[in-house]
Ligand SMILES: C[C@@H]1N[C@@H](c2nc3ccccc3[nH]2)[C@H](O)[C@@H]1O
């Protein structure tokens, strides 16, 4: 163990109400929206191969030309209330919304730069519209903020000279001012999702970032900040030099999902996921593999079964409308969630052995277990191996409690549930009412000391 001034200030999960609520969300929505939605992944008829929100970094476009896009930003179809309704229908419990992406364009009228929505034909405060609309739907709001800011003259990738150092001191003040401004303007937001924090210039700011995190938490008690915000004084990110998670949850799962519980090291975490392979901002030509509703439902189940949240990304168009393909996916996911949401909300890792037929989740604070079935075996027999001698008091279909199953006990902690042939449109959920195990003579089962 090394002594750290700016490492993690907490070991283990946060246990306060704000974090417990976040932990129970299960399904969230990410929204990437900004000037990059106007070109939508192409420029002068030429397709940009990278992620659409990175198009400014493409040498096919003069930077100043991209930067002038604020003068053409006028999203006439923008309607935050309809976005929030879509999220509600899908069953999302929170939204992570881009206030400022790497290009530096602010979707709120920041006092600290001219490069904002106030200096666009649209003029109005988009962040406020989104916060108010989602608050009204009872969906929590987390604000995405990119530290890296390609538009700001004082941004540096590294600090190699006195001039760099003087400029970056100005940039640090600017960043702090914008973050305090966001937390002050939008007091109902529950957290900040930081990005663009991997460059050396920021990694060298362990003390400053640590103080800033402390200041933000003091300003907004309960604020939720992930592991991507700051590095420790040895430049260690996400996990400090002692291997302890920085921030309140792990933010390393970008477009990937842990495969087993050991991968999450007992921490909270979220997985943020794109519908195409790698497009966050609107890209008109969705090339390559586009995930289906069933794939996304299974990803949601997998994340919840491993104690995390699944946050699905939407990239609204330059006019502010959400594309039809995304609306269709939101509806498909929502239809499944309307029937099976009990197995997702306020659920976490069950501690049951993973089986090929799907995923277990456990209702937090109870002995209620959910079996989220995606792959019925040809035998129709669903194997269950409990973490210890466990009595299964009742097994029934979540969608229809009158459809019950009589578990066949194979051993002290192993059972089969036998399905009738082809009876359930997959994916379906079986709920197990369980009780801590009893030994045969009825003595309460005591875990080995
Ligand atoms: C949540 C995602 N994070 C940004 C991002 N930029 C990256 C540069 C290099 C490697 C990974 C990146 N992810 C993406 O643009 C998106 O906002």
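Numbering (the working numbering), first residue to last: 7 to 455. Note that beta-carbon positions come from the ideal geometry of N, C-alpha and C, so glycine has one too. Predicted model only: the values in this text are computed from it and were never measured.
Using a threshold of 8 angstroms, is the CB atom of residue i nearer than that to any non-hydrogen atom of ligand 1?
i: residue 244; result: no
i: residue 201; result: yes
i: residue 105; result: no
i: residue 150; result: yes
i: residue 382; result: no
i: residue 153; result: no
i: residue 43; result: no
i: residue 304; result: no
i: residue 59; result: yes
i: residue 209; result: no
i: residue 424; result: no
i: residue 283; result: no
i: residue 278; result: yes
i: residue 36; result: yes
i: residue 260; result: yes
i: residue 295; result: no
i: residue 286; result: yes
i: residue 12; result: no
i: residue 158; result: no
i: residue 292; result: no
Could you work out which residue in the options is closest to residue i when comparing CA atoms only?
i: residue 412; options: 266, 429, 401 and 102; result: 401
i: residue 391; options: 128, 358 and 364; result: 358
i: residue 5; options: 404, 244, 247 and 56; result: Look at the range of the chain in this structure, 7 to 455, and you will see that residue 5 is not part of it.
i: residue 147; options: 156, 265 and 104; result: 104
i: residue 315; options: 417, 28, 281 and 12; result: 28
i: residue 151; options: 89, 116 and 129; result: 116
i: residue 30; options: 384, 387, 355 and 222; result: 355
i: residue 305; options: 264, 320, 322 and 287; result: 264
i: residue 6; options: 368, 194, 186 and 160; result: Nothing can be reported for residue 6: it is not among the residues displayed for the chain, which extend from 7 to 455.
i: residue 534; options: 205, 249, 182 and 307; result: Shown here, the chain extends from 7 to 455; a query on residue 534 therefore has no answer.
i: residue 42; options: 324, 396 and 380; result: 324
i: residue 76; options: 63, 124, 343 and 50; result: 124
i: residue 277; options: 7, 33 and 49; result: 33
i: residue 108; options: 370, 69 and 126; result: 69
i: residue 409; options: 393, 435, 389 and 417; result: 435
i: residue 288; options: 268, 180, 320 and 90; result: 320
i: residue 361; options: 65, 66 and 387; result: 387
i: residue 140; options: 173, 129, 89 and 179; result: 89
i: residue 113; options: 120, 25, 132 and 229; result: 132
i: residue 118; options: 128, 106 and 127; result: 106
i: residue 83; options: 343, 327 and 222; result: 327
Assign residue i to one of two classes, buried (16 or more other C-beta atoms within 10 Å of its C-beta) or exposed (fewer than that).
i: residue 158; result: buried
i: residue 203; result: buried
i: residue 262; result: exposed
i: residue 35; result: buried
i: residue 447; result: Low confidence applies to residue 447: its pLDDT is 43, below 50, so where it sits in the model is not reliable, and the reading given next is rough at best. Residue 447 comes out exposed.
i: residue 407; result: exposed
i: residue 396; result: buried
i: residue 453; result: Its pLDDT being 42, under 50, residue 453 is placed unreliably by the model, and the measurement read from it follows with that caveat. Flag for residue 453 reads exposed.
i: residue 441; result: exposed
i: residue 282; result: buried
i: residue 449; result: Low per-residue confidence applies at residue 449: pLDDT is 41, beneath 50, and the placement is therefore not dependable, though the value from the model is reported in the following sentence. So residue 449 ends up on the exposed side.
i: residue 163; result: exposed
i: residue 22; result: exposed
i: residue 212; result: buried
i: residue 176; result: exposed
i: residue 81; result: buried
i: residue 256; result: buried
i: residue 137; result: buried
i: residue 437; result: buried
Which two residues bound the contiguous alpha helix (DSSP H) that contains residue i?
i: residue 376; result: Looking at the DSSP string, residue 376 is not in any alpha helix (DSSP H); the run it does join, the beta strand (DSSP E), is 374 to 379.
i: residue 4; result: Any property of residue 4 remains undetermined from this structure, which presents the chain solely from 7 to 455.
i: residue 417; result: Counting along the chain, residue 417 falls outside any alpha helix (DSSP H), though it belongs to the beta strand (DSSP E) covering 414 to 417.
i: residue 206; result: 206 to 209
i: residue 132; result: 132 to 142
i: residue 27; result: 23 to 29
Give the range of the beta strand (DSSP E) segment to which residue i is assigned.
i: residue 407; result: 406 to 410
i: residue 390; result: 387 to 391
i: residue 441; result: 434 to 442
i: residue 224; result: Residue 224 -> not in any beta strand (DSSP E); alpha helix (DSSP H) instead, spanning 212 to 225.
i: residue 201; result: 197 to 201
i: residue 279; result: 275 to 279
i: residue 420; result: 420 to 424
i: residue 401; result: 396 to 403
i: residue 360; result: Looking at the DSSP string, residue 360 is not in any beta strand (DSSP E), and its letter there is neither H nor E.
i: residue 149; result: 146 to 152
Within the 9 angstroms Cβ cut-off, does residue i reach chain B?
i: residue 52; result: Note that chain B does not occur in the displayed structure, where there is just one protein chain.
Runs of alpha helix (DSSP H) wholly within the region 284 to 333 (minimum 4 residues, chain order): Inside the region 284 to 333, DSSP marks whole alpha helix (DSSP H) runs of 4 or more residues at positions 299 to 311, from first to last along the chain.
For the region 36 to 124, list the beta strand (DSSP E) runs that are entirely contained and at least 3 residues long, ordered along the chain. Restricted to the region 36 to 124, the beta strand (DSSP E) segments that are unbroken, complete and at least 3 residues in length are 100 to 106, listed in chain order.
Could you name each continuous beta strand (DSSP E) segment of 3 residues or more that falls completely within the region 243 to 267, going from the start of the chain to the end? Within the region 243 to 267, the complete beta strand (DSSP E) segments of 3 residues or longer fall at 256 to 260, listed in chain order.
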